[in-house]
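The sequence shown begins at 1 in the UniProt record's numbering and counts up by one.
Below: the structure, in structure tokens.
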Amino acid sequence: MKKSIGINWIGLGTLVYQEIQRFVRVSVQTLVTPWISALLYVAVFGAIVGQGIADVKGVRYIDFVLPGILTMSVIGAAFAHSSSSLYIQRFIRHIEELLVAPLSHTEMILGYVIGAVARGVVVGLGVLGIAVFFGAAHLSDLFIFLLYMIAISAVFGLVGVLVGLWANSFEQLSALNTFVIMPLSFLGGVFNSVDMLPESFQTIAQWNPFFYFVDGVRYSMIGISEGSMMLGGIMTAALIAVLWVGTFVLFERGWHLRA
């Protein structure tokens with residue numbers, strides 16, 4: 001068990017730098033690819049689909065769905081970063097060098113999560129910039145926007161760490177994204193208002209955390225919220241706390257970290 005007094009800022013800074021360089025070195029895959037995907041979404045939903053759909057909640061369809069597209073991009077980037085980073089380090093046995101370094105488990109987890117947050121925020125800001133260029137974006141509250149970018153990235157950075165610990169193959173590494181993240185994202189009001197859903201699905205949406213992620217980003221961009229901002233904030237903070245504790249416990253036990 002690693003114990004330390006205070007934070008090893010040099011060690012943490014080095015780990016964060018390594019994590020940031022990890023996605024910067026392959027920026028075409030980690031940054032440009034999600035930006036191009038978002039660009040295609042904006043083009044399809046703005047210039048094609050959106051032309052045949054009436055305004056939603058008093059705004060253009062593309063303005064309503066863009067926050068959901070942006071949120072999906074941030075979620076995918078943050079999750080992919082931490083999950084692949086930790087899994088590959090386990091796969092090539094580099095994790096053993098990290099375990100003997102003068103870093104506490106708190107600092108190790110922080111390093112992965114900060115790297116995921118950095119990638120998520122950069123991807124989110126890039127998508128916003130693309131949308132602004134095409135006249136398809138607004139920003140109602142910059143502070144709330146950045147707060148949600150960081151919080152959502154932290155949530156899925158921690159989820160990625162857990163999956164990176166659990167996975168024993170690249171197939172398992174992508175399983176959560178395929179069977180959980182993507183379905184819940186689409187059911188979270190990314191491409192539609194919850195009012196458009198059948199009544200039973202509206203009830204389900206109220207318990208879907210992805211709905212509150214999208215709703216918070218949507219409020220920060222166009223000032224429209226379909227759910228409770230307070231409940232969304234509490235749920236997001238609770239998820240971060242629970243995921244952090246769970247991740248820390250597993251690191252302390254050395255689960256899937258030591259041969």
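Positions of the beta carbon are idealized from the N, C-alpha and C atoms, including for glycine.
The structure displayed is predicted, hence computed values, not measured ones.
Beta-bridge pairing of residue i - partner residues as DSSP gives them
{"i": "VAL56", "result": "VAL59"}
Buried/exposed call for residue i, threshold 16 Cβ in 10 Å
{"i": "SER169", "result": "exposed"}
{"i": "GLY129", "result": "exposed"}
{"i": "LYS3", "result": "Caution is warranted here: a pLDDT of 48 is assigned to LYS3, below 50, making its placement in the model unreliable, and no coordinate value can be reported."}
{"i": "GLY58", "result": "exposed"}
{"i": "ASP215", "result": "buried"}
{"i": "MET1", "result": "Here the model assigns MET1 a pLDDT of 47, short of 50, so the residue's position is not dependable, and the following value carries that caveat. When all chains shown are included, MET1 counts as exposed."}
{"i": "VAL16", "result": "buried"}
{"i": "ILE95", "result": "buried"}
{"i": "LEU211", "result": "The amino acid occupying residue 211 in the given sequence is Phe; Leu does not appear at that position. So PHE211 counts as buried."}
{"i": "GLY120", "result": "buried"}
{"i": "residue 309", "result": "Within the shown structure, residues of the chain are numbered from 1 to 259, placing residue 309 beyond reach of any answer."}
{"i": "PRO67", "result": "buried"}
{"i": "ASP63", "result": "buried"}
{"i": "MET149", "result": "buried"}
{"i": "GLY232", "result": "buried"}
{"i": "ILE10", "result": "exposed"}
{"i": "SER185", "result": "buried"}
{"i": "GLY188", "result": "buried"}
{"i": "LEU142", "result": "exposed"}
CB-CB length for residue i against residue j, believed under 8 Å
{"i": "PHE145", "j": "SER220", "result": "4 Å"}
{"i": "GLU107", "j": "ILE7", "result": "6 Å"}
{"i": "residue 285", "j": "PRO34", "result": "Lying outside 1 to 259, the shown extent of the chain, residue 285 is not represented and no answer is given."}
{"i": "VAL122", "j": "LEU12", "result": "Contact flag wrong, Cβ pair sits at about 20 Å."}
From the options, residue whose alpha carbon lies closest to that of residue i
{"i": "LEU40", "options": "ALA131, ILE20 and GLN202", "result": "ALA131"}
{"i": "VAL42", "options": "ILE114, GLN29, GLY115 and GLY135", "result": "GLY135"}
{"i": "SER193", "options": "VAL65, GLY13 and PRO102", "result": "VAL65"}
{"i": "LEU103", "options": "THR14, GLN172, THR203 and ILE75", "result": "THR14"}
{"i": "VAL44", "options": "PHE201, TYR61, ALA54 and VAL28", "result": "TYR61"}
{"i": "ARG258", "options": "ARG93, ILE36 and LEU12", "result": "ARG93"}
{"i": "GLY126", "options": "THR203, VAL28 and LEU99", "result": "VAL28"}
{"i": "SER225", "options": "VAL242, ASP195, THR203 and LEU243", "result": "ASP195"}
{"i": "VAL24", "options": "GLN202, HIS81 and ILE53", "result": "HIS81"}
{"i": "THR203", "options": "VAL163, GLY227, VAL217 and LEU142", "result": "GLY227"}
{"i": "residue 296", "options": "PRO209, TRP244 and LEU243", "result": "In the structure as shown, the chain starts at 1 and stops at 259, and residue 296 therefore has no counterpart that could be examined."}
{"i": "TRP244", "options": "ALA151, TRP207 and SER37", "result": "ALA151"}
- Query: Using 8 Å as the Cβ pair cut-off and three pairs as the minimum, do the region 241-248 and the region 86-96 touch?
  - Reply: Two segments are said to touch when three or more pairs of C-beta atoms, one from each, lie closer than 8 Å; by this definition the region 241-248 does not touch the region 86-96.
- Item | Cβ pair count under 8 Å reaching 3, the region 228-243 against the region 57-77 | With a cut-off of 8 Å, the region 57-77 and the region 228-243 do not count as touching, because too few Cβ pairs lie within range.
- Item | Contact the region 112-124 vs the region 17-27: 3+ CB pairs below 8 Å | With the cut-off at 8 Å, the region 112-124 and the region 17-27 touch.
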